[in-house]
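Q: Sharing a structure, written as structure tokens. Questions coming.
2 protein chains.
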Amino acid sequence: MTQRVVVVGGDAAGMSAAHQALRAAKLRDRSIEVLAFEATDRTSYSACGIPYWIGEEVGSGDDLVARSADAHREAGIDLRMGTPVTAVDVAAHTVTAGGEDFEYDDLVFATGAQPIIPDWALVDGTLPDHVGPVHTLADGARWLDQLDDRSRPVTILGAGYIGLEMAEAALRRGHQVTLKSQGRVMSTFARELSERVEGGLRDAGATVETGVTMTSIENDDPLILAIGLEPRTSLLEGQVSLSERGALRPDRHGQVQEHLWSAGDCCEVWHRVLDDWAYLPLGTHANKQGRALGDALGSGGDSGLHFDGALGTAITRFTVGDVDLEISTTGLTRTQAPDSAASLLTEGSTASGYFPGAAPLAIHVTADPSSRRLLGVQIVGGPGAGKRIDAAAACLWMGATVDELAWMDLSYAPPFATAWEVLQVAARRLAERL
Amino acid sequence: MTQRVVVVGGDAAGMSAAHQALRAAKLRDRSIEVLAFEATDRTSYSACGIPYWIGEEVGSGDDLVARSADAHREAGIDLRMGTPVTAVDVAAHTVTAGGEDFEYDDLVFATGAQPIIPDWALVDGTLPDHVGPVHTLADGARWLDQLDDRSRPVTILGAGYIGLEMAEAALRRGHQVTLKSQGRVMSTFARELSERVEGGLRDAGATVETGVTMTSIENDDPLILAIGLEPRTSLLEGQVSLSERGALRPDRHGQVQEHLWSAGDCCEVWHRVLDDWAYLPLGTHANKQGRALGDALGSGGDSGLHFDGALGTAITRFTVGDVDLEISTTGLTRTQAPDSAASLLTEGSTASGYFPGAAPLAIHVTADPSSRRLLGVQIVGGPGAGKRIDAAAACLWMGATVDELAWMDLSYAPPFATAWEVLQVAARRLAERL
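As they're listed, the protein sequences go chains A and B. Numbering-wise, my numbering puts 293 at position 313 of the first sequence, and it's gapless, one number per residue. Numbering-wise, my numbering puts 154 at position 174 of the second sequence, and it's gapless, one number per residue.
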């Protein structure tokens, strides 16, 4: 008998799941058919790339599409584009799309997230053209249009990743930029690091206003809303248990309950250091979760793949004119860490001090004083600083202590590091104080 | 009673040991005095930086000195410069320098390494001016003099790290360069990666001759010898057990035997993946070993610091004109790995494919098929490729499997990585084949 799979949502999570389900089933001579619905006219695009498209580093929105609808169809997915699912009946095993009901054996719910829109931004229930989020390729196209006149000042509400990236994009285009935020710039970072990013914004010519609560649209200038995402799960309300935030919490194979699977930005993920669920809507998790889910779904129960949670790792960049900052984090933020945790800021260099291009960086390390286990690392610095976070993430994943990080064998050569790699100096300095 | 420490060798290992011994003793109110002998007129210099000095990226040899003799003296070290130790009597607890005997309670033997010089290169027992190694700052000054005339062709014997770095330096200066080597270019790397580096050398205009055994000085053109290092331990011969290679094998506190300590390039280090001793003469190990040794020495036995071996991690660069390669490795080479080990080469990109500046890279991953443990990773690619090795090194240090590396939470954003970080794609692809 053929296993009928319906996928709701044709982006990273849903399409990864669909492909892997087909592969896994084929490998085991299992019969499976995958029907997928995508509400928009684009699949599998890199939402994270939109600011770089607006900032004119990437030529077109099409460049951000990792895999076209046709490519998905060639792999055997029955993909219906521009077809929003309007209802899901979990008990009856049906979804409704285009007025028609479709039965499924297994449902992959991969609707992703939607940007948070404050009520005051709506005029008669809709957003004016010059106000809105940065989420879909349609948003990107609209902002390119709105920012066509480079003399228009741009206001960005929200100083997290997207806010910072859009500030970079607008500054690179030559706009006058005001960044407004309730909290600090990059507020999940340690205060000293947050201040470095804020300094970078100011050096690049942006006006930064923190402690600001907006309550109305103030003028006709473009206003970019970057105040966060929320899981898009209204289709399941009342049928399935959702978290306080409205997210699904699938197991490590992507299963929510029998015959219901989910992956991507409509889900929370298990935060391994926090030891709790967290909402970390990121493309890299969506891809991994989708693959694990698809493998479980297509293999009929003998999958060896599993998504074992996340660490809160993230990276971004702020590069405008002479300002060139890389910004990255993994593990607990200072606020997430228990009061008993110890933290220390260390300044150093991305290369040997005498080397041309050696850039300053600052590393904030947090650890548990009793177990000496590493809890979190945050980095802000010049070119070469950001990706250092991966070694820290590997340590966190494997449960390393600050001593292990300090003394392990990381790479050194003058163009790349100091003789004690700065990440290890940061760990060592904290270790000495525990 | 004051503990009398004599240090032989004023470079990274010896001076790190001396400083940490003083700090550790002070912290515990222990009385200690440190007398150190350095044969040359420079302390604590970055030998790894010499090629970049010759390649004119670093302005002067002085820039490579991390800490001057005076700075060491200010910290309380009685440092005798230009004073070679001519004899060590381990039984009598004395060293001889400048014709005088000095007694010690504890000896720190940190004489480092010496470059291997083939017999045929010696004329009447000495090297002609235009033939020699790249090891000391004096060597660096001599090569700058020899390469003053940029029309002189330069031959380099040896295609390992130093050979490659000197080829880069000479090419950047505008010399015609021939690189000769018995084995492949960067022969500890997988063949496909080795070929990429060789291709880079050729693209940059170098002539590469492999399978070559030199037996004589062929002409008056500069001939740079870069065929390896050997531990400088002749002062201890017949008194202390040395490895086949002539190296010391101190414990993790730097102790060779009672009252005899050693660190740096005169030592082998424990290779954690090879599960055996290995000769890995690198400044970063010397620094770490020296610090652990000094702490044990100065604390009188209650040190918490230890040097727990290495992984064979290394990194370098080949950047000439349009050629820009980063080259790094950690863990077992294909030759060191058991026959049962599985390896796979994966090609990918340092950033999202659509991102300007995304550079190709290739990653070679080796793992044990039964335990699925990661055994080694090697990387050759464009800017941003090399330091990715640190996440792999952290995994090796912590004993991760390829599955753990593939699914852990490493950082992603379009300017820095693909949605599945390429290092994880490489691990995942190998995992799928185990």
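Note that the Cβ used here is the ideal one computed from N, Cα and C, for glycine as well.
(1) Look up GLN126(A) in the DSSP assignment and say whether it is helix, strand or coil.
(2) Suppose you measure from the CA of ALA184(B) to the CA of PHE298(B); what does that come to, to the nearest Å?
(3) Whole angstroms are fine: how far does the CA of GLN156(B) sit from the CA of PRO394(A)?
(4) To the nearest angstrom, how far is the alpha carbon of ARG253(B) from that of CYS375(A)?
(5) Note the first and the last residue of the continuous alpha helix (DSSP H) segment covering ASP282(B).
(6) Nearest-angstrom Cα distance between LYS268(A) and LEU159(A)?
(7) Start and end of the beta strand (DSSP E) containing TRP257(B)?
(8) Would you verify that the beta carbon of ALA368(A) is, or is not, closer than 9 Å to some beta carbon of chain B?
(9) How would you list, in chain order, the residues of chain B whose beta-carbon sits under 7 Å from the beta-carbon of THR293(A)?
(10) Where do the ends of the beta strand (DSSP E) carrying ARG297(A) lie?
(11) For ASP417(A), would you say it is in contact with chain B, using Cβ-to-Cβ distances shorter than 9 Å as the test?
(12) Measuring straight from C-alpha to C-alpha, what distance separates ALA342(B) and PRO336(A)?
(13) Beta carbons nearer than 9 Å to chain B: which residues of the region 109 to 141 of chain A have them?
(14) Identify which residue in ILE34(A), THR74(A) and GLU178(A) has its Cα closest to the Cα of ILE219(A).
(15) Using a Cβ-Cβ cutoff of less than 7 Å, which residues in the same chain neighbour LEU273(B) once the five nearest sequence positions on both sides are dropped?
(16) Just the C-alpha distance for GLU327(B) and ASP370(A), rounded to the nearest angstrom, thanks.
(17) How about the region 47 to 65 of chain B and the region 376 to 385 of chain A: do they share at least three Cβ pairs that are nearer than 8 Å?
(18) Beta carbon of ASP245(A), beta carbon of LEU209(A): below 9 Å?
(19) With 16 other CB atoms within 10 Å as the buried threshold, where does VAL165(A) fall?
(20) What separation, rounded to the nearest whole angstrom, lies between the Cα atoms of LEU102(A) and TRP123(A)?
(21) Between the alpha carbons of GLU287(A) and PRO340(B), how many angstroms are there, rounded?
(22) Enumerate, from N- to C-terminal direction, the unbroken alpha helix (DSSP H) stretches of 4 or more residues contained entirely within the region 145 to 203 of chain A.
(23) Quick one: give me the first and last residue of the beta strand (DSSP E) that GLU210(A) is part of.
(24) Taking CYS375(B) as the query, report the chain A residues whose CB atoms sit under 8 Å from its CB, ordered along the chain.
(25) Under the rule that 16 or more other beta-carbon atoms within 10 Å means buried, what is ASP86(B), buried or exposed?
(26) Answer with buried or exposed for HIS239(B), where buried requires no fewer than 16 other C-beta atoms within 10 angstroms of its C-beta.
(27) Can you confirm whether the region 57 to 70 of chain B touches the region 24 to 40 of chain B when touching is taken to mean that 3 or more C-beta pairs between the two stretches lie within less than 8 Å?
(28) Could you check how far apart the C-beta atoms of LEU325(B) and ALA170(B) are, in whole angstroms? I think they sit under 8 Å.
(29) Straight-line CA distance for LEU312(A) to LEU354(A)?
(30) Going along chain B in order, which residues have a C-beta closer than 8 Å to the C-beta of ARG297(A)?
(31) Using C-beta distances below 7 Å, list every residue in its chain close to SER417(A), excluding the 5 sequence neighbours before and after it, in chain order.
(32) Below 7 Å CB to CB, which residues in the same chain sit around ARG(-16)(A) once its five sequence neighbours on both sides are set aside?
(33) Please list the partners that CYS28(B) has in chain A, where partner means a Cβ-to-Cβ separation under 9 Å.
(34) Please report the straight-line C-alpha distance between HIS251(B) and GLY41(B), rounded to a whole angstrom.
(35) With a threshold of 16 other CB atoms inside 10 Å of the CB of THR91(B), please say whether the residue is buried or exposed.
(36) Determine, for ASN199(A), whether the minimum Cβ-Cβ distance to residues of chain B falls below 9 Å.
A: With the structure as the only source:
(1) Taking the first sequence and counting its residues from 1, the one referred to as residue 126(A) is at position 146. Three-state result, GLN126(A): helix.
(2) As a position in the second sequence, residue 184(B) is number 204, starting the count at 1. As a position in the second sequence, residue 298(B) is number 318, starting the count at 1. Between ALA184(B) and PHE298(B), the C-alpha separation is close to 9 Å.
(3) Counted from its first residue, the first sequence places residue 394(A) at position 414. Counted from its first residue, the second sequence places residue 156(B) at position 176. Computed Cα separation, rounded: 25 Å.
(4) The residue labelled residue 253(B) in the question sits at position 273 within the second sequence. The residue labelled residue 375(A) in the question sits at position 395 within the first sequence. Before going on, a small fix: residue 253(B) reads as Val here, not Arg. In a straight line, the C-alpha of VAL253(B) is about 17 Å away from that of CYS375(A).
(5) For this step, residue 282(B) is matched to residue 302 along the second sequence. Per DSSP, ASP282(B) belongs to no alpha helix (DSSP H) and is neither H nor E.
(6) Here residue 268(A) refers to the residue found at position 288 of the first sequence. Here residue 159(A) refers to the residue found at position 179 of the first sequence. Approximately 33 Å between the Cα atoms of the pair.
(7) To locate residue 257(B), count along the second sequence from 1; it is residue 277. Per DSSP, TRP257(B) belongs to the beta strand (DSSP E) from 256 to 258.
(8) Residue mapping note: residue 368(A) aligns to position 388 of the first sequence, counting from 1. Reading the sequence as shown, one finds Arg at residue 368(A) and not Ala. Cβ-Cβ to chain B under 9 Å: yes for ARG368(A).
(9) By 1-based counting over the first sequence, the position of residue 293(A) is 313. The answer, in chain order, is ASP389, LEU390 and SER391.
(10) Here the question's residue 297(A) lines up with position 317 in the first sequence. Element bounds for ARG297(A): 294 to 300.
(11) Outside the shown range of chain A (-19 to 414) lies residue 417(A), about which nothing can therefore be said.
(12) By 1-based counting over the second sequence, the position of residue 342(B) is 362. By 1-based counting over the first sequence, the position of residue 336(A) is 356. Taking the straight line from one Cα to the other gives about 27 Å.
(13) TYR141
(14) Counting from one through the first sequence, the residue named residue 219(A) turns up at place 239. Position check: residue 219(A) holds Gln in this sequence, whereas Ile was assumed. Minimum Cα distance to GLN219(A) is reached at THR74(A).
(15) For the purposes of this step, residue 273(B) is identified with residue 293 of the second sequence, where counting begins at 1. Cβ within range, chain order: ALA(-3), VAL88, HIS233, GLY234, TRP241 and ALA243.
(16) Sequence index remark: in the second sequence, residue 327(B) carries index 347 (1-based). Sequence index remark: in the first sequence, residue 370(A) carries index 390 (1-based). Straight-line Cα distance between these residues: approximately 19 Å.
(17) no
(18) Translated into positions along the first sequence, residue 245(A) becomes position 265. Translated into positions along the first sequence, residue 209(A) becomes position 229. Closer than 9 Å, so yes.
(19) As a first step, residue 165(A) must be located in the first sequence, where it is residue number 185. So VAL165(A) ends up on the buried side.
(20) Here residue 102(A) is taken as the residue at index 122 of the first sequence, counted from 1. Here residue 123(A) is taken as the residue at index 143 of the first sequence, counted from 1. So the two alpha carbons sit approximately 17 Å from each other.
(21) Position 307 of the first sequence, counting from 1, holds the residue named residue 287(A). Position 360 of the second sequence, counting from 1, holds the residue named residue 340(B). What sits at residue 287(A) in the sequence shown is Phe, not Glu. Answer to the nearest angstrom: the Cα atoms are 27 Å apart.
(22) 171 to 183
(23) On the first sequence, residue 210(A) is found 230 positions in, with the first residue counted as 1. Unbroken beta strand (DSSP E) run through GLU210(A): 209 to 211.
(24) If you number the second sequence from 1, residue 375(B) lands on position 395. Those are ALA374 and MET378, listed as they occur along chain A.
(25) Numbered from 1 along the second sequence, position 106 holds the residue referred to as residue 86(B). Classification of ASP86(B): buried, given that the 10 Å Cβ count is 16 or more.
(26) Within the second sequence, residue 239(B) is the residue found at index 259, counting from 1. Per the 10 Å Cβ criterion, exposed.
(27) no
(28) Translated into the one-based positions of the second sequence, residue 325(B) becomes position 345. Translated into the one-based positions of the second sequence, residue 170(B) becomes position 190. With 8 Å as the limit, LEU325(B) and ALA170(B) qualify as a contact, their Cβ atoms being about 7 Å apart.
(29) The residue given as residue 312(A) occupies position 332 in the first sequence. The residue given as residue 354(A) occupies position 374 in the first sequence. Cα to Cα, LEU312(A) sits roughly 9 Å from LEU354(A).
(30) Mapped onto the first sequence, residue 297(A) falls at position 317. Within 8 Å Cβ-Cβ: ALA393, PRO395 and PHE396.
(31) Examination of residue 417(A) is not possible in this model, given that chain A is present from -19 through 414 alone.
(32) Position 4 of the first sequence, counted from the first residue, corresponds to residue -16(A). Taken in chain order, the residues that qualify are GLU13, GLU83, TYR84 and ASP85.
(33) Locating residue 28(B) in the second sequence gives position 48, where the first residue counts as 1. Within 9 Å Cβ-Cβ: SER332, TYR392, ALA393, PRO394 and ALA399.
(34) Taking the second sequence and counting its residues from 1, one reaches residue 251(B) at position 271. Taking the second sequence and counting its residues from 1, one reaches residue 41(B) at position 61. Their Cα atoms are separated by approximately 32 Å.
(35) Looking up residue 91(B) in the second sequence gives position 111. When all chains shown are included, THR91(B) counts as buried.
(36) Counting from 1 along the first sequence, the entry for residue 199(A) is found at position 219. Closer than 9 Å: no.
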